[in-house]
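Engineer: The structure under discussion is supplied below as C-alpha cells; questions concerning it will follow.
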Amino acid sequence: MYRIFLPLLWKRARVKDFAKLKILLAVRLSKMSTKVQLSTKKRRIVTKSGDSPVSSPRESKRPKNTSERIVEVKEKLPYNEEGEIENTTIHQDVQLHKETCNNIQKFFKVIKDLKEEGRSQNAAAIAEKCTAASVMFVTLKKMNRISHLRCKKARDTTQATKQKVDGLHLQLQNLLYEVMHLQKEIKKCLEFESSDEKIELVDVATFYREAPLDISMPSVTEKDPHKQRLARLDWELEQRKRLSEKYDKSQSNRDHVDGEIKAKQEYLDSLQPRLKSILDSTIPVQEYLSLPFEEIRSQHQMARLLPRPLYILFVQASAYSEACDGMLSVKIEGDADTASATMTSSVVIEEDSDSDNEDNLTESKRRRKTVGDKLEEKRKKLLAKHPLQIVLHLTFKDQAQLILTFSYLMELKIVTVVVELKDSTGTQNLQGDLLSAQTVLNSLYPGDDGTNSPNPANTFQLQRIGIESLDAYLETIGIPYLWCQWLSGLDFLQCDETRGMKASTLLSSSHMEATVKALRARIRARLALQKQGASLGQAVIPVPTPAVKLFPPKLSSRLVSWKPITEEAMSQLDFVASHPAREAVEDNSFFYLATCERKSAKLQTLVAVRKAYPVTPPQFFIKLTWQGQAFTAADDHDILDMESEVNLYSQELISPKTCDYILSCQLQRLLMCLDLYLEAASAEESSRSPGKQVEFPKEKMFVRNARGRSRGKPYKYNPQYGYFSQR
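In this note's numbering, the protein residues as written are 30 to 756.
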C-alpha cells in the first residue's frame, strides 16, 4: 500500500517530511480498518426488526438458518472481481466510474481551496483530503480491471458463439451436400434410358396393321403398355431378320454382277489399243475431209487436266463458238504431263522457318540461300501459272485477229489474260497507242482496268512477300480483268472466304455472250478509231455514208491539223485549264489537238477520247480566235453552246452503222457549228452597220441570227428541210 499511495501523496500534498507522511497514512489506514470492523460487527448482530444493534446472549446462541449461513460463508470468502462482474451491469460500472471521477474532482477542488487559504494552518486537512482522493484512485484501478475482464468475457462469449455457429454451418453444409447428392441420384434415375428406347419402332397403328396376331395380340397388349412394348420389339426383331436375309441375297447378287462387269471391263481394255490403232490409221482421211476428230479427242483429254475455272471457260467458250459465233475458236495449250503431275501435288508456300535439315546441310552439298533468294523463290511460287492455258481466237473480217491467252494462278486463285492483236493473216502485231495490247481492253466494263487483283485475299498474300502491286508482273502473268473471272465462273464480290471459292458454270454462261460481244465491239471501235485517226492526220474527215445526210452539203470551214498530245501537254492548254468541265476528263484517255480554219477565223479544239469509246462519246474543248480576240467556253456563251451541241447532242449522230465513227461525225458537226457561228455573227454585224462589207456572207439557211435572252446561235440542223434553228 505504501508503494501505491506514497508517490501520489508526495506529488499532491507536497509533504517534505517523508516520516510524517508515513504516520499520516498509517493513521488513515487504521481508521479505515476500524470502520470496516465496526460495520462487519453491526451486520452480524442486527436483529430481524433492526431496532437494536446489540444482540442478546440467547439470540447469539440460537442456531442460524440456511440463508444466514450462506451470507456468513460469503462474507468469509475472499473478494472475487469476476463474481462482481456477474452481479453488476455495464451501466452500473459507468455510473460508479462517473461518481468516482466527480468525487476526485471535488477533493481536488477542496484541496485547492485549502491551499489558497493557507498551507500552514490547513496542512492536516489537506493531507487528509489527499489521502481520501488517493483512495478514490483505487476504485478507478478496480474499474479498469473490471472493464478488461468484461472485454475478455465478451471475447470468450463471442468466440464460443462463433464456434457454435461454425458447428451449425458445418451441419448445414453436410445437409446441403446430402440434398445435392440425392437430387443428382434422382436426376440420374429420371434420365435413365434403356437400350430399347434407342430403337426406332414403327408407330402403334402400323404395328397392329402389319404385325401378325400371334405377335401383336391386341386383346392383351392394348390394355398393358409394357406388354405392348415387348410385342413391338418382337415385331422389330422379326423384321430385321427378314431384312438381313434379303441383304445376304442382294450381296450375293452384287458379287455375281461385279464379276460380269470385270469380265466386260477386261474385254474393253483389250479393245482400246485396237481402236487406237484404227484411229491412227484414219488420221490422213480426217485431214483430207477436214474432220479433226483426233484433235478434238486430244483436246477433250487435256480438258480433264484443267483446273475448274479454266475448264468452265473452255466448256462455255466451246459451246458459244459452236452455237453462236463461228469466228471464235478455242484451244488448249500447254504441257499435259506437267499438268497431270500438278493435279497430284499442291503448290504450298513455305512459312518462314529455319528447319533442322537445312542447318545440317554443309556448304559442300549446296549453297545456303540468302534472304533475297528465298523471297524470290516465294514470289515465283505465288505467281506460278497452271501448265495449261486456254487460247481464244476472235477473227474480224479481213481486219484483225484478237488472241486471248487465259492462265490460272494456282496460289492467287485468279484468272489472267495475255492480249495479242494481229493483222488478218495472224503474222504481224498491230501497232499504235489505240491498239496497244496492254490497254486495248481496259474499261471493257466500267472501272475494270486490270491493275488490281479481284481476289481480296491476294492483297495480304502479296504483302507477305513484299509485293505492293501487280503492275510490275502484268507482262509475265497477264492482266486479271474482272470479266476474266466472270467467264471462268469466279465471283469474289459475293464470297466471304475467298480460299474456298468455287467456280460456277451458271455465272460463266451468263457472261459469255455479253463479254464476247463486248470484246468484238471494243476491237471494231479501236480499228475504226485508228482508221479515223489516220484520215484525220491527213486533214480528211471520214464521214460514213449513212451519216452524210445529217450535215449540210457544203461546209466552208475545214480541218487543218490533227495530232495526238500527251496528258501533260493537255493540262498546259489555257482554254482547258480554265474550263468548267475540266475535272470531268478521265485520266489515261487519248488526247488530240485539232485545228480548224475559215479565212481569218481559227478554232482550236482538244478532243478527249475515253477508253470506253464509243459507248462514251469523245469530249470537245473549244477555243476560237477571230478579229484579234480569243473566245472560250469560260467567257463566251456562244462557244459554250457550240460545245454543248457537239458533246451533249452527239447521240443524234449515233446509229447502228455509224456508232464506231462518232468522232468523225462530231468533228463534222463542229465545222458546221463554226460556219453557223461566223455567218450568224457576221449577219448581226451587218444589221448593226448596213452597207459594211462582212467577212463571212450568209451561206446557210436560218431565220434568226440569235434568239432568246442568251442570244443563242442556230446550231440545230434540220436535214429534212435543210435549214438551221435554235434549240
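Glycine residues also receive a C-beta, built at the ideal position from the N, C-alpha and C atoms.
Is it buried or exposed for M671, if we count other Cβ within 10 angstroms and need 16 for buried?
Structural biologist: Buried, since its Cβ has 16 or more Cβ neighbours within 10 Å.
Engineer: Excluding five sequence neighbours on each side, which residues of the same chain lie with their C-beta closer than 6 Å to the C-beta of G562?
Structural biologist: Within the same chain, G562 has no close Cβ partners at all.
Engineer: Could you have a look at R639 and say whether DSSP puts it in helix, strand or coil?
Structural biologist: Three-state DSSP puts R639 in coil, outside helix and strand.
Engineer: Give the straight-line distance between the Cα atoms of G479 and R740, rounded to the nearest whole angstrom.
Structural biologist: Each residue's alpha carbon lies about 48 Å from the other.
Engineer: With S590 as the anchor, note down where its beta strand (DSSP E) starts and where it stops.
Structural biologist: Element bounds for S590: 587-594.
Engineer: On a CA-only basis, which of N617, A550, I508 is nearest D500? Give me that one, please.
Structural biologist: Measuring from the Cα of D500, the nearest candidate turns out to be I508.
Engineer: By how many angstroms is the C-alpha of D704 removed from the C-alpha of L632?
Structural biologist: Approximately 11 Å between the Cα atoms of the pair.
Engineer: Below 8 Å on the Cβ atoms is my contact criterion, and I expect F343 with A332 to pass it. Report the Cβ-Cβ distance as a whole number of Å.
Structural biologist: The pair is a contact, with the Cβ atoms about 6 Å apart (cut-off 8 Å).
Engineer: Could you tell me which residues DSSP pairs with A623 in its beta bridges?
Structural biologist: According to DSSP, A623 bridges with W591, T634.
Engineer: Looking only at DSSP bridge pairs, what is E713 linked to?
Structural biologist: According to DSSP, E713 bridges with nothing at all.
Engineer: So, with DSSP's three-state summary, where would you put S436?
Structural biologist: DSSP places S436 in strand when its eight states are reduced to three.
Engineer: Enumerate in chain order the residues of its own chain whose CB-to-CB distance from P743 is below 7 Å, with the five nearest sequence positions on each side excluded.
Structural biologist: Closer than 7 Å at Cβ, skipping near neighbours: L705, A709, F731, R733, F753, S754, Q755.
Engineer: Counting along the chain, where does the beta strand (DSSP E) carrying D452 start and finish?
Structural biologist: Unbroken beta strand (DSSP E) run through D452: 443-452.
Engineer: If you draw a straight line from the C-alpha of S482 to the C-alpha of K640, how long is it?
Structural biologist: Distance between the alpha carbons of S482 and K640: 20 Å.
Engineer: Tell me, to the nearest whole angstrom, how far the beta carbon of F136 is from that of K171; I am working on the premise that it is less than 8 Å.
Structural biologist: Not quite, the Cβ-Cβ distance comes to about 18 Å (not below 8 Å), so this is no contact.
Engineer: Can you check whether the CB of T434 is closer than 7 Å to the CB of V447?
Structural biologist: The answer is yes: Cβ separation under 7 Å.
Engineer: Alpha carbon to alpha carbon, what distance is there between S347 and S453?
Structural biologist: Each residue's Cα considered, the two are about 22 Å apart.
Engineer: I need the boundaries of the beta strand (DSSP E) containing F521, first residue and last residue.
Structural biologist: That residue, F521, is in no beta strand (DSSP E); it is neither H nor E in DSSP.
Engineer: Which class does Q350 belong to by DSSP, given the choice of helix, strand or coil?
Structural biologist: Looking at the sequence itself, residue 350 is Ser, so the reference to Gln does not match. Residue state, collapsed to three classes: helix.
Engineer: Between K745 and the rest of its own chain, which residues show a CB-CB distance below 6 Å, the 5 nearest in sequence each way excluded?
Structural biologist: Same-chain partners within the cutoff: S754, R756.
Engineer: Considering only DSSP beta bridges, list what T424 is partnered with.
Structural biologist: Paired residue(s): Q430.
Engineer: Pop quiz: I506 and L411 are said to be a contact at Cβ under 8 Å. What is the actual Cβ separation, rounded to whole angstroms?
Structural biologist: So it is not a contact: roughly 10 Å between Cβ atoms.
Engineer: Would you say the region 636-651 touches the region 616-626, given that touching needs at least three Cβ pairs under 8 Å?
Structural biologist: Yes, since at least three Cβ pairs between the region 636-651 and the region 616-626 fall closer than 8 Å, the two stretches touch.
Engineer: If contact is defined by three or more beta carbon pairs under 8 Å, each pair taking one atom from either stretch, is the region 333-342 in contact with the region 293-308?
Structural biologist: Verdict: no, contact absent.
Engineer: For Q418 versus G455, is the C-beta spacing smaller than 7 Å?
Structural biologist: Contact: no.
Engineer: Is R4 helix, strand or coil when you go by DSSP?
Structural biologist: Given that the chain is displayed from residue 30 to residue 756, the structure contains no residue 4 and the question cannot be resolved.
Engineer: Within 10 angstroms of its Cβ, does S96 collect 16 or more other Cβ (buried), or is it exposed?
Structural biologist: Below a pLDDT of 50, predicted positions are generally treated as unreliable, and S96, at 48, falls in that range; no measurement from the model is reported.
Engineer: Check whether the Cβ atoms of T645 and P573 lie closer than 7 Å to each other.
Structural biologist: Not in contact: T645 and P573 (Cβ atoms no closer than 7 Å).
Engineer: Only counting runs of 3 or more residues, tell me where the beta strand (DSSP E) segments fall wholly within the region 534-600, in order along the chain.
Structural biologist: Runs found: 587-594.
Engineer: Compare the Cα-Cα distances from K578 to each of V194, K291, Q749, D366 and report the closest residue.
Structural biologist: The shortest Cα separation from K578 among V194, K291, Q749, D366 belongs to Q749.
Engineer: How many angstroms separate the CA atom of N487 from the CA atom of N617?
Structural biologist: The alpha-carbon atoms of N487 and N617 are separated by roughly 25 Å.
Engineer: Taking just the CA atoms, how far does I361 sit from R555?
Structural biologist: R555 and I361: Cα-Cα distance of roughly 28 Å.
Engineer: Going by beta carbon distance, what residues of the same chain come within less than 8 Å of D263, once the five residues before and after it are set aside?
Structural biologist: Excluding residues within five positions, the ones whose Cβ falls inside 8 Å are I244.
Engineer: To the nearest angstrom, report how far apart H608 and L441 are at their CA atoms.
Structural biologist: Whole-angstrom Cα-Cα distance: 44 Å.
Engineer: Just to check my reading of the structure: P575 and S718 have Cβ atoms closer than 8 Å, yes? What is that Cβ distance to the nearest angstrom?
Structural biologist: Not confirmed; about 43 Å, so no contact.
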